[in-house]
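In what follows, a single structure is set out as structure tokens and then discussed.
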Amino acid sequence: MLQYDFMRNAFAAAGIVAVVAGVVGYFLVLRGQTFAGHALAHVGFTGATGAALVGIAPLWGLVAMTVAAGIGMGAIGERGLAQRDVAIGIVLALSLGFGLLFLHFYTAYATQATTLLFGNVLAVDRRTVWVLAGLGAASLALLGIISRPLLFASLQPELAEAKGVSLPLYSVLFLAIVALATAECAQIVGVLLVFALMVGPAAAAQRLCGAVAAGVVLAAALGLAEAWAGIAAAYYSDWPTSFWITALSAAAYLAAVVTERLRRPGMLGPL
Amino acid sequence: MSAIEFRDVRLALGGRLVLADIDFAIPSGDFVGVLGPNGAGKSTLMRAVLGLVPPARGTIRVLGRAATRGNPAIGYMPQVRGGLPPLRLSGRDFVASAVDGHRLGLPLYSRAGRAEIDRVLDLIAVRDLARRPIAELSGGERQRLLLAQALIGRPQLLLLDEPLISLDPHHETEVIDLVKDLRRELGVTVLLSAHELNPLLGAIDRVIYLGNRQAALGTVDEVITGPVLSRLYGSDIDVVHVGGRIFVMSGGRSVERDAHRHDPAMAEHREMR
Ligand SMILES: Nc1ncnc2c1ncn2[C@@H]1O[C@H](COP(=O)(O)OP(=O)(O)OP(=O)(O)O)[C@@H](O)[C@H]1O
Ligand SMILES: [Mg+2]
Numbered sequence: 001m002l003q004y005d006f007m008r009n010a011f012a013a014a015g016i017v018a019v020v021a022g023v024v025g026y027f028l029v030l031r032g033q034t035f036a037g038h039a040l041a042h043v044g045f046t047g048a049t050g051a052a053l054v055g056i057a058p059l060w061g062l063v064a065m066t067v068a069a070g071i072g073m074g075a076i077g078e079r080g081l082a083q084r085d086v087a088i089g090i091v092l093a094l095s096l097g098f099g100l101l102f103l104h105f106y107t108a109y110a111t112q113a114t115t116l117l118f119g120n121v122l123a124v125d126r127r128t129v130w131v132l133a134g135l136g137a138a139s140l141a142l143l144g145i146i147s148r149p150l151l152f153a154s155l156q157p158e159l160a161e162a163k164g165v166s167l168p169l170y171s172v173l174f175l176a177i178v179a180l181a182t183a184e185c186a187q188i189v190g191v192l193l194v195f196a197l198m199v200g201p202a203a204a205a206q207r208l209c210g211a212v213a214a215g216v217v218l219a220a221a222l223g224l225a226e227a228w229a230g231i232a233a234a235y236y237s238d239w240p241t242s243f244w245i246t247a248l249s250a251a252a253y254l255a256a257v258v259t260e261r262l263r264r265p266g267m268l269g270p271l
Numbered sequence: 272m273s274a275i276e277f278r279d280v281r282l283a284l285g286g287r288l289v290l291a292d293i294d295f296a297i298p299s300g301d302f303v304g305v306l307g308p309n310g311a312g313k314s315t316l317m318r319a320v321l322g323l324v325p326p327a328r329g330t331i332r333v334l335g336r337a338a339t340r341g342n343p344a345i346g347y348m349p350q351v352r353g354g355l356p357p358l359r360l361s362g363r364d365f366v367a368s369a370v371d372g373h374r375l376g377l378p379l380y381s382r383a384g385r386a387e388i389d390r391v392l393d394l395i396a397v398r399d400l401a402r403r404p405i406a407e408l409s410g411g412e413r414q415r416l417l418l419a420q421a422l423i424g425r426p427q428l429l430l431l432d433e434p435l436i437s438l439d440p441h442h443e444t445e446v447i448d449l450v451k452d453l454r455r456e457l458g459v460t461v462l463l464s465a466h467e468l469n470p471l472l473g474a475i476d477r478v479i480y481l482g483n484r485q486a487a488l489g490t491v492d493e494v495i496t497g498p499v500l501s502r503l504y505g506s507d508i509d510v511v512h513v514g515g516r517i518f519v520m521s522g523g524r525s526v527e528r529d530a531h532r533h534d535p536a537m538a539e540h541r542e543m544r
């Protein structure tokens with residue numbers, strides 16, 4: 001299957017995005033901000049349809065909108081989880097409403113809309129692969145630079161604050177990174193299924209690994225395996241790639257939960 | 272030199288006055304118990320020392336310098352509120368996040384960093400405990416991990432906010448003895464807030480008692496008296512000494528026991544016993 005150009009592009013794009021999403025997703029799950037990630041993806045839909053309406057490539061509309069929304073959500077603040085989720089939910093609904101309005105004006109857009117919502121990795125061209133690689137490298141580099149204080153602020157916010165770590169700053173920076181990663185994921189699995197790459201592998205890795213470094217590596221590896229296996233399965237079965245990726249993501253998470261249960265001390269005697 | 276100096280300090284949170292006209296100095300190397308009813312401002316006082324609550328009036332000096340955020344000489348154990356996140360993450364990785372946690376870069380630890388983690392885990396004797404996921408630890412076990420984390424970076428001043436809560440009497444004594452040892456060996460100054468005075472008797476040099484937006488600092492004999500506490504509680508308080516223990520009573524009931532009553536139903540339940 002690798003003799004086709006579109007397949008090579010698909011493997012490259014999905015590989016890049018899965019690794020970025022796995023690493024970023026690890027911190028997203030650790031911080032308990034998966035809802036924010038989910039919301040960012042949907043907000044991206046509005047950005048993409050809006051961009052298409054004014055004649056810009058949807059990817060850039062997606063990036064611009066998610067990053068703006070990510071920074072906005074970060075600025076809402078760390079405290080008051082319930083309130084934070086309400087604020088995110090309201091922004092989310094409003095922007096999806098606008099997305100629908102843009103679609104309404106841009107009637108010739110139905111297939112594009114499906115692509116945006118559910119992704120179409122087989123349609124990714126060479127140029128997009130390079131754009132994804134650039135965006136991915138940028139988000140991983142930024143995450144690498146802030147990962148130490150980010151981890152501290154995520155695990156022990158009050159102590160981190162006392163040690164001079166600015167919680168709002170890292171909250172905003174991190175959600176900007178999440179927004180970039182989300183925009184990338186949307187190219188592969190669509191805005192509705194970003195969870196499959198962003199949260200599934202990371203959540204499974206966190207169930208299996210007690211150490212941060214190992215968890216991050218496992219999340220990236222799981223994501224990569226799911227994405228590539230998904231494309232291969234789609235090639236042979238002719239079912240949509242996004243379906244396979246979400247199915248594999250769910251299966252991997254389930255397997256992680258079962259493994260964790262079996263490993264619990266007491267179930268198999270002392271370790 | 273004083274470790275902590277409050278001069279005419281007023282602390283307010285969200286427009287609400289918490290402490291006013293606070294004036295005291297804590298000598299270097301002292302072990303000070305911070306006491307007072309719920310909401311008296313014990314946590315706020317500590318956060319002010321950390322520079323997280325800037326005084327609305329007056330000045331706070333810590334280890335000879337104005338209180339600022341990010342002072343590496345202060346170790347801090349925050350009051351446990353919601354508890355730690357339910358993670359499979361090992362206790363060791365959790366504690367480790369505080370090692371140079373404010374520096375940019377990847378959370379990878381040098382040999383010195385790993386030695387520092389081992390040192391604090393050994394000090395609290397939680398090295399074995401730290402191998403387990405924090406999700407599986409009991410409240411008291413997590414509490415001891417937090418205490419270990421507070422010791423990272425060899426602080427000169429230790430602020431422990433309710434470190435005894437949810438510890439059994441055995442571990443309560445263990446933590447207090449440990450703090451005593453730390454102070455003797457390393458010369459650290461310690462502020463430890465608690466709801467009960469008795470476990471601290473014999474260990475602390477001084478108490479700060481908070482109440483009614485005021486503070487009283489002195490030895491136990493100076494501060495834990497009817498007149499001083501009546502002023503701080505704004506009602507008649509009797510102090511009763513029984514067999515080396517001290518009970519602070521209001522209208523025939525111990526106020527310390529009442530301090531634990533967050534839940535009215537719980538209070539009623541205890542009343543009936
Ligand atoms: N963000 C805030 N805005 C307004 N008031 C606050 C805020 N945080 C705390 N307070 C108030 O400040 C007062 C002091 O709170 P603090 O947490 O310092 O008390 P405490 O003595 O530590 O109590 P506890 O024994 O329950 O831990 C309380 O009356 C509390 O209601
Ligand atoms: Mg408190």
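Going down the list, the protein sequences come from chains V and S.
Here the first sequence is numbered in my numbering, starting from 1 and rising by one per residue.
Here the second sequence is numbered in my numbering, starting from 272 and rising by one per residue.
Positions of the beta carbon are idealized from the N, C-alpha and C atoms, including for glycine.
query	result
Same chain, Cβ closer than 6 Å to Leu268/V, five either side skipped, listed in chain order	Model confidence at Leu268/V stands at a pLDDT of 43, short of 50, so the residue's coordinates are unreliable; what they give is reported in the following sentence. Around Leu268/V: no qualifying Cβ.
Limits of the unbroken beta strand (DSSP E) element including Val54/V	Element bounds for Val54/V: n/a, residue is neither H nor E.
Buried versus exposed call for Trp130/V [16 or more other C-beta atoms within 10 Å across all chains shown]	exposed
C-beta atoms of Gly482/S and Ala311/S nearer than 7 Å	yes
With 16 other Cβ atoms within 10 Å as the buried cut-off, status of Pro421/S	Per the sequence shown, residue 421/S should be read as Ala rather than Pro. So Ala421/S counts as buried.
Own chain partners of Glu260/V with C-beta closer than 7 Å, once the 5 adjacent residues on each side are dropped	Arg207 and Leu208
Boundaries of the beta strand (DSSP E) in which Ser409/S is found, first to last residue	Looking at the DSSP string, Ser409/S is not in any beta strand (DSSP E), and its letter there is neither H nor E.
Gly341/S: contacting residues in chain V (beta-carbon distance under 7 Å)	Lys163 and Gly164
In DSSP terms, what Asp432/S is bridged to	Ser464/S
Option nearest Ala18/V by Cα separation, candidates Ala214/V, Ala181/V and Ala57/V	Ala181/V
Endpoints, the beta strand (DSSP E) within which Val303/S is located	Phe302 to Leu306
Close Cβ partners of Pro149/V (< 8 Å) along its chain, the five nearest in sequence each way excluded	Ala160, Val165 and Tyr170
Contact check, Leu167/V vs Ala176/V, beta carbons under 7 Å	no
Check whether Met317/S and Asp432/S have beta carbons under 7 Å apart	yes
At least 3 beta-carbon pairs within less than 8 Å: the stretch 40-53 of chain V vs the stretch 239-256 of chain V	no
Cβ-based contacts, 9 Å cut-off: residues of the stretch 199-215 of chain V near chain S	Gln206, Arg207, Leu208, Cys209, Gly210, Ala211, Val212, Ala213 and Gly215
Under 8 Å from the C-beta of Asp399/S: neighbouring residues of chain V	The premise fails here: Asp399/S is roughly 12 Å from chain V at the closest Cβ pair, so nothing lies under 8 Å.
Collapsed DSSP secondary structure at Pro325/S in the structure displayed	coil
Cutoff 8 Å; reference Trp60/V; Cβ partners in own chain excluding five residues on either side	Ala51
Element boundaries [beta strand (DSSP E), containing Leu449/S]	First-last for Leu449/S: Pro440 to Leu457, but that is the alpha helix (DSSP H), not the beta strand (DSSP E).
Minimum Cβ-Cβ distance from Ile177/V to chain S less than 7 Å	no
9 Å Cβ cut-off: residues of chain S touching Gln156/V	Pro349, Leu355, Phe365, Ser368, Ala369, Gly372, Leu417 and Gln420
Chain S contact for Pro149/V (CB, 7 Å cutoff)	yes
Entirely enclosed beta strand (DSSP E) segments - the stretch 190-265 of chain V, minimum 3 residues	none
For Arg398/S, the three-state DSSP class (helix, strand or coil)	coil
For Gly144/V, the first and last residue of its enclosing alpha helix (DSSP H)	Arg126 to Leu155
Closest residue to Ala64/V among Gly97/V, Glu184/V, Val29/V and Arg84/V (Cα-Cα distance)	Glu184/V
Proximity of Ala39/V and Leu100/V at Cβ, strictly below 7 Å	no
Reference Gly190/V; option with closest CA among Tyr106/V, Ala68/V and Gln112/V	Gln112/V
Proximity below 7 Å, CB of Ser299/S to CB of Ala327/S	no
Asp238/V versus Leu122/V: straight-line alpha-carbon distance, rounded	12 Å
Residues that DSSP places opposite Ala337/S in a beta bridge	Arg332/S
Of the listed residues Met272/S, Arg278/S, Val289/S and Leu306/S, nearest to Pro470/S (C-alpha basis)	Leu306/S
Residue range of the beta strand (DSSP E) that includes Leu379/S	Where Leu379/S is concerned, there is no enclosing beta strand (DSSP E), given that its DSSP letter is neither H nor E.
Exposure of Leu197/V, with buried meaning 16 or more beta-carbon neighbours within 10 Å	buried
Integer Cβ distance of Ala69/V from Ile76/V, believed to fall under 8 Å	That belief does not hold up - the Cβ atoms of Ala69/V and Ile76/V are roughly 11 Å apart, past 8 Å.
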